[in-house]
Structures are given as C-alpha cells and as structure tokens.
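*Asks:* Protein chains in written order, with the UniProt record's numbering: chain A, 1 to 277; chain B, 1 to 277.
We treat Cβ as the ideally placed atom computed from N, Cα and C, and that holds for glycine.
Quick caveat, the model's predicted, so the values are computed rather than measured.
I'd like to ask some things about the structure below.
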C-alpha cells in the first residue's frame, strides 16, 4: 500500500489524525523535498521534528529521487506499507500524479490522505473561491527566457471579473548550468520568488504588451507563509504591495477581480493603512 | 479568541493535530450543521464520536443559529476561547465570512485552522487544479424556479478548454413553504442533489439553450463522499454517469475540459469499463 499523505501548510502539527495514524504504521516514510519544506523547519540534515512525531525515520526524497528512483519507493510499497509525504495537499499546487499512475499500473493500492493546500487556504482573505478563474504560474525571468503566457490568462479572468491566483516560482535543487556543462552536478542555492519580484515581472509584461489588463493601481492580495502562525496577508494595490517586506517564503499573490460587498468587507481587514507605509 | 477549525472531508479523524489541540482547549465548541455532517455520522441528537474525541460537549449550530444567534457565539469568544467547527475548510465550498467579519469588528481575535475542501480534494482524479475555470453551483430546480446561470459559466470554461467543478445543491433545515404561511416553522427533510439529477438538469438546460456547450457524450467525473473511505470516483460521459448508483451523498461533478496526456492517464483508472455498466 502506498499512502500519499498531505501535510498541510503550517508545520508538523498540520497533519491530520488519519494521516498520522497511516504514517505511524508504515515501514518506510518518504517526504518530497522539491517544493518546499521551509515551514516544516527541515534542512537536508534535520528531519528530527517529524521523526520524533512519527516515531520513525523519514527519508528526504528530492526531485531526482522521486523521478529517477521511484522504483525504490514503489517496490517497497509492493511488499509493505509506504508513506509518501507531501506539503499541502497531494494534488494541490504540485502534482504527484506520475508516482500514483506508476503505482496503480503495478497494481499497488494507493490511498490519498488530503489536507489543506494553497488553492483553498487563500479563501481566508475573503475572496470567494468560486469566483477565481484559471490559476497562473509566474516563472523567474532570465536574460533569455521571459515566458509571459500568464498575461493572457489574467486578461481572460479579469474580463470575466474573476480573481486570479498567481503561484510564484520555486527553484530548489536546480543543477547549475555551469555544472551541467562540466558533467558534474552541482546545485544552485534554492530561490523562492517574492511578491515584489512577481509584481515587477507582471508590470514589465503589461508594459510590453500594453493591453491594459492591470496596472500599478490594480488591487491585489499578497500572502506570505499562508497557513503558518506567522503568516502575513495584505490587500493593496500592486504599487503598495511592492513596498512591503513580506519576509521569508513562500509567497503567493492574488489579483483581485470584481468584488462583492461581502468580499470587500473581509478584504478591508487586510488592507494597507496609509500610515503603515 | 475564536478558532475557526476545518474538519476536512472524511470523518472525525480528518481534523489536524493543530485543530484538535485548539478544540481541546476551548471552553465552548460549536459545529456548523448547515452544509453537511453526514460523513461525520452526526444526527441532531448524537455528536458523541466528536465529543469523545474532543473530551467536551459540542453544540450543533444550524443555519438559523449561526445567522440569528451569532451574538451568543461571539460574546462567548470575547471572554474565552471558542471553537467553531466547519466541515471541509473554513473558506472552502461554504463561506463563514460573515461570522469572521462580525468577530473582527468586535475586536475578537480570529484564528483559522485550515483543512482539505472539495475545491482541492477533487485533484485526486488527475485533472490539474490550475486547469479549472470558475466553479458553478447547480441548484435544485422547482416548478417555478429554474435558474441556469451555470450554463454560461460552463460555456466560458469549455471555450477555454478548462475543467468545471459543479457543486450540487444541499437543502438542510429549509422551512417548508406551508409552515411559513402558517407562521410556525417546520422543516423539509434534508435533500442532497445526486449526480444523476445534476446531469438531468444540465442536459435540460442545454436542450433549452441549444448552444452545444456539452451533451450526453461530454466527459465528466463524478465524485461521491470525496475524502471518505468509501468514496466513489468515476470518469465517463454524462450518459454513462447517469446509469451509476453513486450511493449516499455528498456528490459533486466535474465537467472535463481539454485534457493533457498526464491527466488522461490518471483519469483512465477511474474510467467506466463497459462491462461494469
């Protein structure tokens, strides 16, 4: 049996009772490390908080391991119970579809234990989840790679009065270009896009395209460390949010569509006060 | 302090450790009873499973109580810790924005403890969450009230190749029309829309509007009791899904947009086999 267990958004205490029960009875426990384990206080050499809670060792599975060594996880799951832990919900922002498909093809039973993900937790700001259009991803721009397909999607959403969730790029354990050329893998330090960078890139694309989809005065909501005890949620214009230090990652951004009075009333609690700028 | 605690989708074991900790330290514990407590095995006279787990009494708060007697909840939260339990995520399919707004206006600190909701748990079928358009609600049609605003929204989503989540109507503790006329409230028995009824209504509207947004052969995914141990997930055409007995509520339906190969691969596991019909 392969258990895919969502850990939720905060820390080790956000696992469900059902999830904890499953993990405790598993022979092997892997944790995906290629989105973010920041809020779980895990560095590559320290999983101790989780291990203490679960009463068993936890194996850090980075992107390469899950992609290249899925066989190891799957052959273990064939003969015993294996847990694969995922930050957020197993099928939230990141997808673990491939591992599940491979398991099912091998006839391994898969059980999913859900949890909160960014996709539903953003509801806390008061903007109704059913008033969101398509979600977009904002990738880090480089000198030569500045993909802007998000622009058209935001345009469509805004034309319909819908809100847009922007997921911001995460680069963890990316092999450096230099090391790839040399044939010996070395990794870039992890990078997490800030709200400030996301807005810069958004405005750059607006300037290039010039179709007035949004501008500096467009209302947005910025989220940092959503679901953690030190989360920050601020509503304001793009211009205003750029001035705010949201602190440590992860960040995400919502571009507000047409709002209803109930949504406005809730947003007001998160709105920037001029005196705080 | 007012804790708004998501219970998740399955049963009492889907609360998070953080949520359970909060509930256990609260002086008063309310549970919202106006969406559905079905999967929690709670009838109006029996909250015992939850009460045993929490070690304290749980007050059933139906729609009237939350709307009319919010004062009671709020004045309790002013002087002590109060938990308000919500099936799914606090800001998932249903909204509890109003209670939160009132609390914040009174200066009561509010803490939200997230959990899975239908909005993210549907990811389990393999359709990517970021490829969904606006969510729609399908209300029970009556002789005189047949609102069809969902049709246009589905049309927009499908034109963009996006999937559409259809939330199906729930009628719990609705005063009967007859009793309202008599001035003495009596309630209709609870009603939960089935996938079969939803598809009937969808096809009726398509026939009336005739804009070929979808038809009997349109691929959908039906979910029953999502997140519970006895959940059923079936992919098939509208026509096929109408023949399936999904059993007890809650049901929801996804109308598939344009799919990617990875999505297809996962959907295949849920697809109806002709021999099962």
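Report the rounded CA-to-CA distance for residue 44(B) versus residue 5(B), giving the unit in angstroms.
*Replies:* The residue you call residue 44(B) lines up with position 44 of the second chain. The residue you call residue 5(B) lines up with position 5 of the second chain. Low confidence applies here, because residue 44(B) scores a pLDDT of 49, under 50, leaving its location unreliable and the question unanswered by this model.
*Asks:* Less than 7 Å separating the Cβ of residue 177(B) from some heavy atom of the ligand ZN?
*Replies:* As presented, the structure is devoid of all ligands, the ligand ZN included, so that no description of it is given.
*Asks:* Checking the sheet assignment: what are the DSSP bridge partners for residue 254(B)?
*Replies:* The sequence position of residue 254(B) within the second chain is 254, counting from 1. Beta-bridge pairing links residue 254(B) to 165(B), 221(B).
*Asks:* Thinking just about the alpha-carbon of each residue, which of 187(B), 31(B), 19(B) is nearest to the one in residue 57(B)?
*Replies:* Numbered from 1 along the second chain, position 57 holds the residue referred to as residue 57(B). Cα-wise, what sits closest to residue 57(B) is 31(B).
*Asks:* Answer yes or no: do residue 16(A) and residue 113(A) have a C-beta to C-beta separation smaller than 8 Å?
*Replies:* Numbered from 1 along the first chain, position 16 holds the residue referred to as residue 16(A). Numbered from 1 along the first chain, position 113 holds the residue referred to as residue 113(A). Closer than 8 Å, so yes.
*Asks:* According to DSSP, simplified to helix, strand and coil, what is residue 137(A)?
*Replies:* The residue you call residue 137(A) lines up with position 137 of the first chain. Note: residue 137(A) maps to strand in three-state DSSP.
*Asks:* Taking any Cβ of chain B, which residues in the segment 108-120 of chain A have a Cβ under 7 Å from it, in chain order?
*Replies:* Those would be 112, 114, 115, 116, 117, 119, 120, in chain order.
*Asks:* Give every residue of the same chain whose Cβ lies closer than 6 Å to the Cβ of residue 85(A), excluding the five residues on either side of it in the sequence, and list them in chain order.
*Replies:* Here residue 85(A) corresponds to residue number 85 of the first chain, with the count starting at 1. Here the set comprises 5, 7, 31.
*Asks:* Kindly indicate which three-state DSSP category residue 31(B) falls into: helix, strand or coil?
*Replies:* Counting from 1 along the second chain, the entry for residue 31(B) is found at position 31. Residue state, collapsed to three classes: strand.
*Asks:* Note down, in chain order, each residue of its chain lying with its Cβ closer than 7 Å to the Cβ of residue 187(B), except the 5 sequence neighbours on either side.
*Replies:* The residue given as residue 187(B) occupies position 187 in the second chain. These residues qualify, in order along the chain: 173, 174, 175, 176.
*Asks:* For residue 134(B), go through chain A and note every residue whose CB falls closer than 8 Å to its CB, in chain order.
*Replies:* Within the second chain, the letter at position 134 stands for residue 134(B). Result: 130, 131, 132, 133, 160, 162.
*Asks:* At a Cβ threshold of 8 Å, is residue 44(A) touching chain B?
*Replies:* Residue numbering aside, residue 44(A) sits at position 44 when the first chain is read from its first letter. Any reading at residue 44(A) must be qualified, since the residue scores a pLDDT of 49, below 50, and its modelled position is unreliable; no value is offered.
*Asks:* I'd like to check one pair, residue 251(A) with residue 224(A): are the Cβ atoms closer than 8 Å?
*Replies:* Along the first chain, read from residue 1 onward, the residue named residue 224(A) stands at position 224. Along the first chain, read from residue 1 onward, the residue named residue 251(A) stands at position 251. It is a contact, given that the beta carbons lie within the stated cut-off.
*Asks:* Tell me the DSSP secondary structure of residue 259(A) in three-state form.
*Replies:* As a first step, residue 259(A) must be located in the first chain, where it is residue number 259. In the structure shown, residue 259(A) sits in coil (DSSP, three-state: anything other than H, G, I, E or B).
*Asks:* Does the separation of the CB atoms of residue 20(B) and residue 82(B) fall below 8 Å?
*Replies:* Your numbering for residue 20(B) matches position 20 in the second chain. Your numbering for residue 82(B) matches position 82 in the second chain. No; because the gap between Cβ atoms is not below 8 Å, this pair is not in contact.
*Asks:* How far does the alpha helix (DSSP H) with residue 279(A) in it extend, from its first residue to its last?
*Replies:* Nothing about residue 279(A) can be reported from this structure: the residues present for chain A run from 1 to 277 only.
*Asks:* Under 7 Å between beta-carbons, which chain B residues line up against residue 104(A)? List them in chain order, please.
*Replies:* Stepping through the first chain from its first residue, residue 104(A) is reached at position 104. What residue 104(A) touches in chain B: 269.
*Asks:* Taking the alpha-carbon positions, what's the residue 29(A) to residue 80(A) distance?
*Replies:* Your numbering for residue 29(A) matches position 29 in the first chain. Your numbering for residue 80(A) matches position 80 in the first chain. Distance between the alpha carbons of residue 29(A) and residue 80(A): 11 Å.
*Asks:* Can you tell me where the alpha helix (DSSP H) with residue 86(A) in it begins and where it stops?
*Replies:* Translated into the one-based positions of the first chain, residue 86(A) becomes position 86. Careful: residue 86(A) lies outside any alpha helix (DSSP H), inside the beta strand (DSSP E) at 82-86.
*Asks:* Would you please verify whether the beta carbon of residue 73(B) is less than 8 Å from any beta carbon of chain A?
*Replies:* Counting from 1 along the second chain, the entry for residue 73(B) is found at position 73. Chain A, which has no Cβ nearer than 8 Å to the Cβ of residue 73(B), makes this no.
*Asks:* Are the C-beta of residue 78(A) and some C-beta of chain B separated by less than 8 Å?
*Replies:* Walking along the first chain from the start, residue 78(A) turns up at place 78. Closer than 8 Å: no.
*Asks:* Where residue 102(A) and residue 130(B) are concerned, what is the direct C-alpha to C-alpha distance, given to the nearest angstrom?
*Replies:* By 1-based counting over the first chain, the position of residue 102(A) is 102. By 1-based counting over the second chain, the position of residue 130(B) is 130. Their backbone Cα atoms lie some 22 Å apart in a straight line.
*Asks:* What is the rounded straight-line gap between the Cα of residue 245(B) and the Cα of residue 111(A)?
*Replies:* Start at 1 with the first residue of the second chain, and residue 245(B) comes out as number 245. Start at 1 with the first residue of the first chain, and residue 111(A) comes out as number 111. If you take the alpha carbons of residue 245(B) and residue 111(A), they lie about 22 Å apart.
*Asks:* Tell me whether the beta-carbon of residue 216(A) lies closer than 8 Å to the beta-carbon of residue 193(A).
*Replies:* Within the first chain, numbered from 1, the residue matching residue 216(A) stands at position 216. Within the first chain, numbered from 1, the residue matching residue 193(A) stands at position 193. Against a cut-off of 8 Å, the Cβ pair of residue 193(A) and residue 216(A) comes out as no contact.
*Asks:* If you measure beta-carbon to beta-carbon, which residues of the segment 236-263 of chain A are closer than 9 Å to chain B?
*Replies:* Per Cβ criterion, the list reads 262, 263.
*Asks:* Check the Cβ of residue 32(B) against every Cβ in chain A and list those closer than 7 Å, keeping chain order.
*Replies:* For the purposes of this step, residue 32(B) is taken as residue 32 along the second chain, with counting starting at 1. Ordered by position in chain A, no residue passes the 7 Å Cβ test against residue 32(B), which lies about 15 Å from the chain.
*Asks:* For residue 123(B), write down the residues that DSSP places opposite it in a beta bridge.
*Replies:* Start at 1 with the first residue of the second chain, and residue 123(B) comes out as number 123. Beta-bridge pairing links residue 123(B) to no other residue.
*Asks:* Between residue 167(A) and the rest of its own chain, which residues show a CB-CB distance below 8 Å, the 5 nearest in sequence each way excluded?
*Replies:* Numbered from 1 along the first chain, position 167 holds the residue referred to as residue 167(A). Cβ within range, chain order: 93, 118, 135, 136, 137, 138, 252.
*Asks:* Any idea what DSSP makes of residue 248(B), helix, strand or coil?
*Replies:* Translated into the one-based positions of the second chain, residue 248(B) becomes position 248. Three-state result, residue 248(B): coil.
*Asks:* Tell me whether residue 8(B) sits in a helix, a strand or coil according to DSSP, three-state version.
*Replies:* Here residue 8(B) is taken as the residue at index 8 of the second chain, counted from 1. It is a strand residue.
*Asks:* Which residues bound the alpha helix (DSSP H) around residue 116(A)?
*Replies:* Position 116 of the first chain, counted from the start, is the residue given in the question as residue 116(A). Unbroken run through residue 116(A): none, as it is neither H nor E.
*Asks:* Please tell me whether residue 91(A) has its Cβ less than 8 Å away from any Cβ of chain C.
*Replies:* Looking at the structure shown, chain C is missing, and the protein chains on hand are A and B.
*Asks:* Around the Cβ of residue 157(A), are there at least 16 other Cβ atoms within 10 angstroms (buried) or fewer (exposed)?
*Replies:* Working through the first chain from its first residue, we reach residue 157(A) at position 157. It counts as buried.
*Asks:* Among the candidates 13(A), 88(A), 22(A), whose CA atom is the shortest distance from the CA of residue 33(A)?
*Replies:* One-based indexing of the first chain puts residue 33(A) at position 33. Selected option, being the one with the closest Cα: 88(A).
*Asks:* Report the partner residues of residue 187(A) according to the DSSP bridge assignment.
*Replies:* The residue labelled residue 187(A) in the question sits at position 187 within the first chain. Note: residue 187(A) sits in a beta bridge opposite 175(A).
*Asks:* Determine the chain A residues that contact residue 20(B) at a beta-carbon separation under 8 Å, and present them in chain order.
*Replies:* Residue 20(B) sits at position 20 when you count from the first residue of the second chain. What residue 20(B) touches in chain A: 17.
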